[in-house]
Every structure is written in C-alpha cells, then in structure tokens.
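**Q** Sharing a structure with you now.
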Amino acid sequence: QIGWGAWFAEKLFQKLTETHRERPIQVVVAMPLHSKRLAARGFNQSHEIAKGLADKLAASCLTSACERRYHLTPQVELNGTERRNLPVDLFECHADLQGQHVLLVDDVMTTGTSLNRLALAVRRQGASRVTGCVVASVQHESFL
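Last residue of the sequence shown: 1357 (our numbering), numbering continuous.
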C-alpha cells in the first residue's frame, strides 16, 4: 500500500526528533531496489517513506544517489546465514556525501546486513555520520 509511506514517515519523524537533536540529518537515502525488482513491483516502499521523512526533516532526499549492483534472490526467500553473506559491494553510491549526516531508510530489517552494506557505500562517498531507520525489525531465527 503506497499510501502508508506518509504515515510511516510521520511516526519515524516523531522518533527521530526525540533521538537526533544534537546533529541534524542532512541527507535521506532510501534502501535501493534493483532496477528489475523495482520494475516488477512498480514502486520502492522505502523510497515512499524516505520522501516524507526528508520533507519533515528539511533534508535532501537523494532518490538516485545509490543503486543496488546485483539482482539477487529476494531476501524474503533467504535464511539468516544467506542474508549475512550478501556481497560487501552490494550497493554503489554516486553522490558526494562529504561531511554529511546521512539517514538510511528501510521498511523491514531482519539481520541488518543490507543496511550495513548501504552504510559502507555512503561512507565510501564521505558521509561523516550514518544513521539507520526502519519501520520494523524482525527476529525470526532460532538459536537452539
């Protein structure tokens, strides 16, 4: 439901204003989908949330600053070990983020590997601080 993006943005904005008062967020980047996945789905749910958050934060929303380099099996079909083994260079960023505080936005986080890989890519572009923000965090693995 594409319309939920604004609602989630509002809720995340409320939480971010409680926790990030000391250093404002300057750039918002949504978790990129591979172009094939985006074409099949028709929209990027994380981007819909990121647009609303950027407006509320008075930050830039860089919609095409980063891209997913590989078309892999959808993560919903992967187990935790397979997710943690995603390529280190999964994302590539093209924007100059020198000295910027960048907020990464995703809808659901399971292992955190995708956010970590995206954070590495924005750090390579000079971001001085990277914060991750997700709507939901899922723990579904057994440690028995």
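Every residue, glycine too, gets a C-beta built ideally from N, C-alpha and C.
On a predicted model such as this, the values are computed, not experimentally measured, just so you know.
Excluding sequence positions up to five away, which residues of its chain have a Cβ less than 8 angstroms from the Cβ of residue 1283?
**A** Position 70 of the sequence shown, counted from the first residue, corresponds to residue 1283. Taken in chain order, the residues that qualify are 1247, 1300, 1303.
**Q** To which residues of the same chain is residue 1261 closer than 7 angstroms at the C-beta, ignoring the five residues directly before and after it?
**A** As a working mapping, residue 1261 is identified with position 48 in the sequence shown. Here the set comprises 1215, 1218.
**Q** Have a look at 1241, 1221, 1290, 1337 and flag the residue whose alpha-carbon is nearest the alpha-carbon of residue 1273.
**A** Here residue 1273 is taken as the residue at index 60 of the sequence shown, counted from 1. Minimum Cα distance to residue 1273 is reached at 1241.
**Q** Which of the three DSSP states, helix, strand or coil, is assigned to residue 1340?
**A** For the purposes of this step, residue 1340 is taken as residue 127 along the sequence shown, with counting starting at 1. In the structure shown, residue 1340 sits in coil (DSSP, three-state: anything other than H, G, I, E or B).
**Q** Is residue 1315 closer than 8 angstroms to residue 1348 when the C-beta atoms are compared?
**A** Taking the first residue of the sequence shown as position 1, residue 1348 is located at position 135. Taking the first residue of the sequence shown as position 1, residue 1315 is located at position 102. Cβ distance not < 8 angstroms, so residue 1348 and residue 1315 don't count as in contact.
**Q** Which one of 1263, 1336, 1254, 1332 has the shortest CA to CA distance from residue 1312?
**A** As a working mapping, residue 1312 is identified with position 99 in the sequence shown. The residue with the shortest Cα to Cα distance from residue 1312 is 1336.
**Q** For a minimum of 3 consecutive residues, which ranges assigned as the beta strand (DSSP E) are wholly contained in the stretch 1235 to 1283?
**A** Segments of the beta strand (DSSP E) lying fully in the stretch 1235 to 1283: 1240 to 1243, 1279 to 1281.
**Q** Taking contact to mean at least 3 C-beta pairs separated by less than 8 angstroms, is the stretch 1249 to 1266 in contact with the stretch 1328 to 1345?
**A** Judged by Cβ distances under 8 angstroms, the stretch 1249 to 1266 makes no contact with the stretch 1328 to 1345, as fewer than three pairs qualify.
**Q** Does the distance from the CB of residue 1285 to the CB of residue 1238 come in under 8 angstroms?
**A** On the sequence shown, residue 1285 is found 72 positions in, with the first residue counted as 1. On the sequence shown, residue 1238 is found 25 positions in, with the first residue counted as 1. No. Outside cutoff.
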